[in-house]
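See structure below.
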Amino acid sequence: MRQRNLHFTDVATLSDALSSSDIREQGARARSILVQIFSAPTDRQWIETVAGEALRALPKAVVIGATTVGEVADGRTVVGTTTLALSFFDSTDLVPVAFACEPGEEHAAGSRIGRAAAGGGEPPAGLLLLATPLSLDAAQLLRGIADTAADVPVFGGGAGDYAVMGRSLVSLGTTCFERGAVAVLFFGSALAIERRTYLGWQPLSREMTVTGVEGTLVRTVDDGPAFDIYRRYLGIPDDRNFFLNGLEFPFLFQRDGQELARVPIAVEPGGALRFVADIGVGETFRLGYGNPSMIVAEARTIQDTMSRFAPEAVFLYTCGCRRFLMQEDADLETAPFQTIAPTAGFYTYGEFFGQGHGLHLLNSTMVAVGMREGPRIAQGAAVPPAAELPAEVADPYANKHSRVVSHLVHFIDAVTRDLEASNRELTRLSITDKLTQLSNRAMLDVTLDKEISRSNRHGETFSVILIDIDHFKQVNDRHGHNVGDAVIVHVAQVMKRMLRDCDTFGRWGGEEFLAILPNTPSDKAEQVAETMRKAVQESRVPVVDSKTVSLGVTSFRIGDTPALLVGRADKALYGAKIAGRNRVVRL
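If you're matching positions, the sequence shown starts at 940 in the working numbering and goes up one per residue.
Next up, the structure:
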């Protein structure tokens, strides 16, 4: 495999480059040729002209393309140009697949691509996918591929339009699609593909929950208009520049063990946020921000891995928000790949990565793909330290943007951690009884409401045990309140040890306690209560030597409110006291 990258702004420059003897010789020798067009202009005629020039010079080439939010040529970020990545394969076969796709047809289109990948013979070594996420549901497209070609590794990106958010294009040959997908399947036992991805964004805000979704619209977050979080936390207005102002602050969340980001592209009526990728109701997230230091460090790890793989070509599909964040320092992330192998790619509106159920539409990430034919012949070139990348880095004022941003992100992260720790402690104090460190009455009330709701919804039962320390007033009268407090703490700890981790146990008030036992019928709860009674009776209580408890047991019945349920347990407890105390009564 051999790789040549070209970037240009006019047809004459392209034509001259394609007519060089080197490219024509490579084309004549190659078994197959892949040409990827990464175009800043979103003009159909321009893309058709470029593709026509490529096919005129290399008639057997598979020519595909995508419009961009920036181009990568020889590892460097370039803008306002068109880049051609020319891949000459010695033993690999290429099968292109392309479909126009109207809204609602995405899964079917993905299934057709997947069937082409899985349809007989040796499975492909990989699938390169380009699509138009502004005009179709790319997540459904990927699900269609995953459902029909689960074992095929997928990589690629969503076409962009330099943040206009109007239209993007993909192409196969001289045919452009404003709503569609283009895929290339790679077949060949000698072809090795190394795929890596990384994020480099870190959470900054508190955790929030998506509560209302319609397609790729997130309508509500924590039951309020989704847009309000950008206005409240970031001061971002709802205007024509919302995408540019908000693209550095994606939703960050976990799905299938993977950290994902989602970038909002527009504000819709009612404060809904539109995304190019799916987010589900109930998913929790934090607003995130890119940390340039983390990005460069993670890039270095991927570059080291790629160097050991020793590719003959590297392709980068990287989110446009990374270029927006890194600005003049974007090459700190991309340029080292060129020291390993010829590197080209584009800045995207979403990245495609994974296989099977792990195939996702990503945001804010970089996908790096290395390819070679045959075994690793030589170690890739050593990657220079990130600090040495641009020659001007010796200037102490160089890379100031990324360094300042990294320090600010670190500061915000530290402040956020401090606030979260304080909030966790305040929350703990608000639901914890100060004396016993058990759940307090407020927490027990909340738990009762949840268990009643769950039992009504799923038809499950649960039980409660109401406990009172026998003759406790005599302890306070004879020994004082300090001893009384010690008795309460001791008895509480003895009883708590008799309960499961899933049970809730707390101080109901004074010398009374309540245990809430999920998924437990009343007869089983009665047995638990008896073990609690025996444990207290057999324990040695501070100062007073021994103490007993009386316990009332009941289980949830349809129609019960917390007051009815606990009232029945209190009636059972009263029965235990009337019967002589130190016993269990169940109603």
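For glycine and all other residues, C-beta sits at the position ideal for the given N, C-alpha and C.
Simplified DSSP assignment, three categories, for residue i
i     : result
E1010 : strand
E1364 : helix
L1156 : strand
A1165 : coil
I1316 : coil
C1040 : coil
V1091 : coil
L1298 : coil
Y1288 : coil
G1112 : coil
M1434 : helix
G1151 : strand
L1358 : helix
E1331 : Per-residue confidence for E1331 stands at a pLDDT of 43, beneath the threshold of 50, marking its modelled position as unreliable; the derived number appears in the next sentence. In this structure, E1331 counts as helix in the three-state DSSP scheme.
G1185 : helix
Q975  : strand
V1428 : helix
I962  : helix
Rounded straight-line distance, which links the Cα of residue j to that of residue i
i     : j     : result
V1430 : V1480 : 8 Å
M1310 : R1396 : 54 Å
R1118 : R1158 : 25 Å
A1283 : G1229 : 23 Å
V950  : K999  : 20 Å
G1043 : L1080 : 10 Å
I1408 : E1451 : 7 Å
A1078 : L1300 : 6 Å
V1523 : A1502 : 21 Å
L1504 : P1457 : 14 Å
P1062 : R1051 : 15 Å
A1120 : F1038 : 6 Å
A1518 : K1412 : 19 Å
T1459 : F1401 : 5 Å
Q1294 : F1094 : 9 Å
Y1169 : F1292 : 28 Å
D1388 : S1394 : 10 Å
G1163 : R1194 : 23 Å
D1509 : A1474 : 21 Å
S1246 : I1279 : 6 Å
DSSP bridge partner residues for residue i (one or two, in chain order)
i     : result
D1268 : Answer by DSSP bridge pairing: none, since D1268 is not bridged.
R943  : L1025
R1201 : F1190
D1484 : V1480
M1245 : In DSSP, M1245 forms no bridge with anything.
F1125 : L1033, G1065
A1307 : R1135, L1255
R1446 : F1452
D1407 : E1451, S1489
R1525 : V1492
S954  : Answer is none; S954 lacks a bridge partner.
V1017 : E1010
S1378 : T1371, G1445
Rounded distance between the beta-carbons of residue j and residue i, thought under 8 Å
i     : j     : result
T1223 : F1192 : 6 Å
V1101 : A979  : Per the sequence shown, the amino acid found at residue 1101 is Tyr instead of Val. About 7 Å separates the two Cβ atoms, so the contact holds.
A1064 : L1130 : 5 Å
S1107 : T1021 : Wrong, their Cβ atoms sit about 15 Å apart, outside the cutoff.
I972  : I986  : With a Cβ gap of about 18 Å, I972 and I986 do not count as contacting.
R983  : Q965  : Not confirmed; about 29 Å, so no contact.
A996  : S958  : 6 Å
Nearest to residue i (by Cα), restricted to the options the options
i     : options                    : result
V1152 : P1164, D1178, V1220        : V1220
K1486 : V1422, G1498, A1508, G991  : V1422
K1527 : R968, R1436, T1493         : Beyond the ends of the chain as shown, which are 940 and 1526, falls residue 1527; an answer cannot be given.
N1302 : K1473, W1140, A990         : W1140
M1437 : R1171, R1472, A956, F1276  : R1472
L1512 : P1501, L1453, P1457, E1477 : L1453
A1238 : V1426, G966, L1138         : L1138
N1180 : A1165, A1047, F1190, A1205 : A1205
D1243 : F1094, E1272, Q1266, T981  : E1272
A1236 : R1262, E1207, P1275        : P1275
T1304 : P1208, L1368, R1201, V1385 : R1201
V1109 : L1073, R1507, I1084        : L1073
F1125 : A990, S1026, T1443         : S1026
Q1476 : M1233, R1520, H1420        : R1520
D1424 : T1375, S1232, V1467, A1468 : T1375
P1035 : A1070, A1048, S1232, A1122 : A1122
C1258 : R968, V1011, A967, R1496   : V1011
G1514 : I1406, H1418, D1416        : I1406
M1265 : T1287, G1297, V1253, P1231 : P1231
Min CB distance residue i to chain C below 8 Å
i     : result
S1361 : Note that chain C does not occur in the displayed structure, where there is just one protein chain.
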